[in-house]
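Engineer:
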Amino acid sequence: MTTTPTKEGSAAVQARRVLVLNSGSSSVKYQLLDMNDRSRLAIGLVERIGEETSRLLHTPLTGGGAETRERNGRIADHAAALKAAAEELAADGLGLDSPELAAIGHRVVHGGLRFTRPTVITDEVLTEIERLVPVAPLHNPANITGIRTAQALRPDLPQVAVFDTAFHTTMPEYAARYAIDVETADAHRIRRYGFHGTSHAYVSRKAAELLGRTPEEVNVIVLHLGNGASASAVAAGRCVETSMGLTPLEGLVMGTRSGDIDPAVTFHLKRVAGMSTDEIDVLLNKKSGLVGLCGDNDMREIRRRIDEGDERAALAFDIYVHRLKKYIGAYSAVLGRVDAVVFTAGVGENSAPVREAAIAGLEELGLVVDADLNAVRSGEPRLISPNYARVAVAVVPTDEELEIADQTFALVGRAESAGQEVPAGQVDN
Ligand code: AMP
769 MTTTPTKEGS AAVQARRVLV LNSGSSSVKY QLLDMNDRSR LAIGLVERIG
819 EETSRLLHTP LTGGGAETRE RNGRIADHAA ALKAAAEELA ADGLGLDSPE
869 LAAIGHRVVH GGLRFTRPTV ITDEVLTEIE RLVPVAPLHN PANITGIRTA
919 QALRPDLPQV AVFDTAFHTT MPEYAARYAI DVETADAHRI RRYGFHGTSH
969 AYVSRKAAEL LGRTPEEVNV IVLHLGNGAS ASAVAAGRCV ETSMGLTPLE
1019 GLVMGTRSGD IDPAVTFHLK RVAGMSTDEI DVLLNKKSGL VGLCGDNDMR
1069 EIRRRIDEGD ERAALAFDIY VHRLKKYIGA YSAVLGRVDA VVFTAGVGEN
1119 SAPVREAAIA GLEELGLVVD ADLNAVRSGE PRLISPNYAR VAVAVVPTDE
1169 ELEIADQTFA LVGRAESAGQ EVPAGQVDN
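Heads up, the sequence shown is in my numbering, so the first residue is 769 and it goes up one at a time.
1) Got a sec: does the ligand MN put a non-hydrogen atom nearer than 7 Å to the Cβ of ARG1068?
2) Please report how far the alpha carbon of VAL986 lies from the alpha carbon of ARG1105, in whole angstroms.
3) Between the beta-carbon of PHE1177 and the beta-carbon of ALA871, is there less than 8 Å?
4) May I ask which residues mark the beginning and end of the alpha helix (DSSP H) holding PRO909?
5) Specify, as a first and last residue, the run of the alpha helix (DSSP H) that ASP954 falls within.
6) Three-state secondary structure (DSSP) at SER1044?
7) Exposed or buried, what is LYS797 when buried is set at 16 or more other beta-carbons lying within 10 Å of its beta-carbon?
8) Using CA atoms only, rank isn't needed, just tell me which of ALA1113, ASN911 and ASP1086 is closest to SER998.
9) In the DSSP output, which residue or residues are listed as bridge partners for SER998?
10) Quick check: is any heavy atom of the ligand AMP less than 7 Å from the C-beta of SER1119?
11) If you compare alpha carbons, which of GLU1131, GLY994, LEU925 and LEU1151 is closest to THR1160?
12) Here's the rule I'm using: 16 or more other beta-carbon atoms within 10 Å means buried, otherwise exposed. How should ASP1107 be labelled?
13) PHE883 to VAL1033, Cα distance in whole Å?
14) Taking the alpha carbon of LEU1135 as the reference point, which residue from LEU1141, ILE1127 and ASN1142 has its own alpha carbon closest?
15) Please report the Cβ distance between ALA904 and VAL877, rounded to the nearest whole angstrom; I am assuming they are in contact, meaning their Cβ atoms lie under 8 Å.
16) So, under 8 Å CB-CB, ARG823 and GLU815 are touching, yes? Tell me the CB distance rounded to an integer number of Å.
17) Would you call ALA955 buried or exposed, if buried means 16 or more other Cβ atoms sit within 10 Å of its Cβ?
18) Would a check of beta-carbon distances place ASP949 closer than 8 Å to chain D?
19) Expressed to the nearest angstrom, what Euclidean distance is found between the alpha-carbon atoms of SER795 and VAL930?
20) Please say whether TYR1099 and GLU1009 have beta carbons closer to each other than 8 Å?
21) In terms of alpha-carbon separation, which member of ASP932, GLY880 and SER1146 lies closest to GLU1171?
22) Assuming contact is defined by CB atoms lying nearer than 8 Å, are GLN799 and ARG785 in contact in what I supplied?
23) Can you tell me which of LEU900, ARG1068 and GLY996 puts its alpha carbon nearest to the alpha carbon of GLY965?
24) Where does the unbroken alpha helix (DSSP H) through PHE1085 begin, and where does it stop?
25) Any chance the CB of ALA1113 is under 7 Å from a heavy atom of the ligand AMP?
26) What residue from ALA852, SER1026, LEU1037 and ASP1030 has the CA that sits closest to LYS1055's CA?
27) Could you pull the start and end residues of the alpha helix (DSSP H) that THR830 belongs to?
28) Run through DSSP, which three-state label would ASN840 get?
29) Is the CB-CB distance between VAL901 and GLU1169 below 8 Å?
30) Are the beta-carbon atoms of LEU993 and TYR1095 separated by less than 8 Å?
31) Looking only at C-alpha atoms, which of ASP860, LEU850 and GLY841 sits nearest to THR827?
32) Note the first and the last residue of the continuous beta strand (DSSP E) segment covering GLY873.
33) Quick one: using the 10 Å Cβ neighbour count with 16 as the cut-off for buried, is VAL1091 buried or exposed?
34) Should ASN995 be counted as a contact of the ligand AMP given a C-beta to heavy atom distance under 7 Å?
35) Please indicate yes or no: does the CB of ASN908 lie closer than 7 Å to some heavy atom of the ligand AMP?
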């Protein structure tokens, strides 16, 4: 347990709050949690940083109410964004200068092979995260900016990096390595890393809990279907396969990303269509997937259009579901025995038609969905398969921020309860 002197330096205060920061290229999401009961004290989002139309949405969750306050107008950079968030928190009596704040936990997208666990951030750790920028050019720079900004705000506090890739570092080499020339691959660190790991870890553990078993006792397929989407095969609590690769582009059909594609499509677009590398990057990451197929990436809108008889929307839905089915089949084969298939994230938690269609026809794999259970709307983990089904099908709401807060607090708390300072730079080799 962390004790920190108050500003006056007198009575000690138990520091049991964690600030979670998820810094994107033009946005910062934050949550302040009270680790006594793991409740949220406040949540917020700063978006369109650097533009004239920046917006901050802040919702205090103490005192029963949940009224969102909004600020509009240019917020120049991440430092200004965090300062604005800190002001909003201070207005609720939750200032970041509080001695109750134990640590700041950062979502860091790419930890390469080196970071297999949450890690206290030192200069050396930050340098290593920077070294991974070539394999995560869109994400790691924003994460680094968020870390530096938070360090400037509270240089005295432990800052912890929780990596999206960490959960997947247990993948066996034969699953992680692409079948390309080994020297070239190794020289450029080209391999499958996987992403959304914090969500896959949390959801697979919660699924075991839902089944009344320990994570070590179950094999689970997790389908994280948000705007980005990925599948993972988790055997006895360890990830053995996942669908995203060197970057989050590989795998399932996503909101705006193509997922799996013949790599020769890129040569073809270059040679025949005369597109530049950057144009192809934008095409496959931003203008493909559901939005490329039918113009919409929101599953609610796609379902609405299907109900009106829109054929493009129907084809997009079918392509999306077909890819999901292929992964469920492939991961059943990889795992050998499957105890549960679990849906999570925006689409997985909310779209009963996607869940129904993805599982339809898989009775031979022991998979069945009960229509009534599937229609239930709830924020709780729940089974949607009938009692007699050989394999459970479940919906488990993901909570990446809670997982980051838990991992951050556990790391900081472990060191403190052992009577040590938080180790400067817990780095895995
Ligand atoms: P996420 O990235 O996890 O926030 O998921 C965002 C996506 O979830 C959106 O783009 C929608 O496609 C989908 N989504 C959110 N709410 C619903 C809903 N009620 N029904 C169907 N899809 C939804």
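Beta carbons: idealized from backbone N, C-alpha and C, even for Gly.
Structural biologist: Let me lay it out:
1) In terms of ligand content, the structure shown lacks the ligand MN and carries the ligand AMP instead.
2) The alpha-carbon atoms of VAL986 and ARG1105 are separated by roughly 9 Å.
3) One thing to note: PHE1177 has its Cβ within 8 Å of the Cβ of ALA871.
4) In the DSSP assignment, PRO909 falls within the alpha helix (DSSP H) that extends over 908-921.
5) Counting along the chain, the alpha helix (DSSP H) containing ASP954 begins and ends at 950-955.
6) Coil, per DSSP.
7) Buried, since its Cβ has 16 or more Cβ neighbours within 10 Å.
8) Taking each of ALA1113, ASN911 and ASP1086 in turn and checking the Cα distance to SER998, the smallest one comes out for ALA1113.
9) Per DSSP, HIS992.
10) Yes.
11) In the sequence as displayed, the identity of residue 1160 is Ala instead of Thr. Distances from the CA of ALA1160 to each of GLU1131, GLY994, LEU925 and LEU1151 were compared; the closest alpha carbon is that of LEU1151.
12) With 16 or more other Cβ atoms within 10 Å, it is buried.
13) Cα-Cα distance, rounded: 33 Å.
14) Taking only the C-alpha atoms, the option nearest LEU1135 is ILE1127.
15) At roughly 5 Å, the Cβ-Cβ gap stays under 8 Å, so ALA904 and VAL877 are in contact.
16) Right, their Cβ atoms sit about 6 Å apart.
17) By the Cβ neighbour-count rule, ALA955 is exposed, with fewer than 16 other Cβ atoms within 10 Å of its own.
18) Protein chain content of the structure displayed is limited to a single chain, and chain D is not contained in it.
19) The alpha-carbon atoms of SER795 and VAL930 are separated by roughly 18 Å.
20) Yes, the pair counts as a contact, with Cβ atoms nearer than the cut-off.
21) Ranking ASP932, GLY880 and SER1146 by CA distance to the CA of GLU1171 puts ASP932 first.
22) It is not a contact, given that the beta carbons lie outside the stated cut-off.
23) Ranking LEU900, ARG1068 and GLY996 by Cα distance to GLY965 puts GLY996 first.
24) Unbroken alpha helix (DSSP H) run through PHE1085: 1079-1103.
25) For the ligand AMP, at least one heavy atom lies less than 7 Å from the Cβ of ALA1113.
26) For the residues ALA852, SER1026, LEU1037 and ASP1030, the minimum Cα distance to LYS1055 belongs to SER1026.
27) In the DSSP annotation of this structure, THR830 is not part of any alpha helix (DSSP H), being labelled neither H nor E.
28) ASN840: strand per DSSP, three-state reduction.
29) Result no, Cβ atoms of VAL901 and GLU1169 do not sit closer than 8 Å.
30) No, these two residues do not count as a Cβ contact at 8 Å.
31) Minimum Cα distance to THR827 is reached at ASP860.
32) Where GLY873 is concerned, the enclosing beta strand (DSSP E) stretches over 869-876.
33) For clarity, residue 1091 is Arg in the given sequence; the question names Val instead. Buried, since its Cβ has 16 or more Cβ neighbours within 10 Å.
34) Relative to the ligand AMP, ASN995 has its C-beta within less than 7 Å of a heavy atom.
35) Relative to the ligand AMP, ASN908 has its C-beta separated by 7 Å or more from all heavy atoms.
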